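Sequential numbering from 813 applies to the sequence shown in my numbering. Data first, discussion second: the structure below is written as structure tokens.
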Amino acid sequence: MTVVAAAGNDGVNLADSTPAAYPEVLTVTAMGDFDGKPGGLSTTPPCQDGRQDDTAADFSDYATPDSSEVDHTIAAPGVCITSTWNDGKTKTISGTSMASPHVAGLVARCIEAGPCAGLSPAQVIARLRADATSRPADQGFAGDPNHPIDGKYYGYLASDVGY
């Protein structure tokens, strides 16, 4: 079973976070994507929290570029995400816990569609990270490895590459 976990929301190195630091876990950082398009085109986030489109979330924990955590870290939208709550209503909030379900869904889809069927959890993590790495650089975000923020590794933006 591939375990997907939120990186954490303290804006610090995730190396001391559990379970995010464990190499067996696909760790998900958060970034903002308000319009589903690359290039930071949206000027108004849906929750009006002042964050920027197509940028790493300032609250998201991250790996350091030279650490082993890089090998199991990936990014997904986690800013201004609308979700259903247990009271049946919806709320719009931000957090790596809002980003990680995007990646958990990709894991399930990759297994169901075939590319990840029969793979070990470590192989599934490697596959999703490789698929994210194959995304064109202009479809990333400020803070990804193509547009790095000094000393912080948020990972490549998760991509379904058609599965």
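All C-beta atoms, glycine included, are put in the ideal place defined by N, C-alpha and C. Model, not experiment: these values are computed from the prediction.
Cβ neighbour criterion (16 or more within 10 Å) applied to residue i
i    : result
R921 : exposed
A949 : exposed
P792 : Nothing can be reported for residue 792: it is not among the residues displayed for the chain, which extend from 813 to 975.
N898 : exposed
G844 : buried
G851 : exposed
A942 : exposed
L853 : exposed
P858 : exposed
S912 : buried
S946 : exposed
D878 : exposed
G900 : exposed
Alpha-carbon spacing of residue i relative to residue j, whole angstroms
i    : j    : result
A970 : D828 : 23 Å
I923 : G930 : 8 Å
S932 : S909 : 24 Å
I961 : Q864 : 15 Å
V816 : E881 : 14 Å
K964 : T896 : 31 Å
V837 : P889 : 18 Å
H884 : Q951 : 20 Å
Q935 : V915 : 15 Å
P927 : Y968 : 19 Å
I937 : P831 : 15 Å
T839 : A833 : 8 Å
Selection from the options that minimises the alpha carbon distance to residue i
i    : options                : result
V891 : G900, T904, H884       : T904
N821 : T894, C859, D870, D866 : D870
G974 : D861, A925, V816, I961 : A925
V824 : V837, T876, T885       : T876
A944 : A934, K964, L918, G963 : L918
D861 : G907, Y874, M813, A833 : G907
Continuous alpha helix (DSSP H) stretch holding residue i: start and end
i    : result
L940 : 933-945
Start and end residues, beta strand (DSSP E) containing residue i
i    : result
G852 : Where G852 is concerned, there is no enclosing beta strand (DSSP E), given that its DSSP letter is neither H nor E.
T839 : 837-844
A818 : 815-818
Residue i beta carbon near the ligand MG (any heavy atom closer than 6 Å)
i    : result
A819 : The ligand MG is not part of this structure, which contains no ligands at all.
Review point. Taking the runs of the beta strand (DSSP E) that are 3 residues or longer, which of them lie wholly in the segment 872-907?
Key: Segments of the beta strand (DSSP E) lying fully in the segment 872-907: 885-889, 893-896, 902-905.
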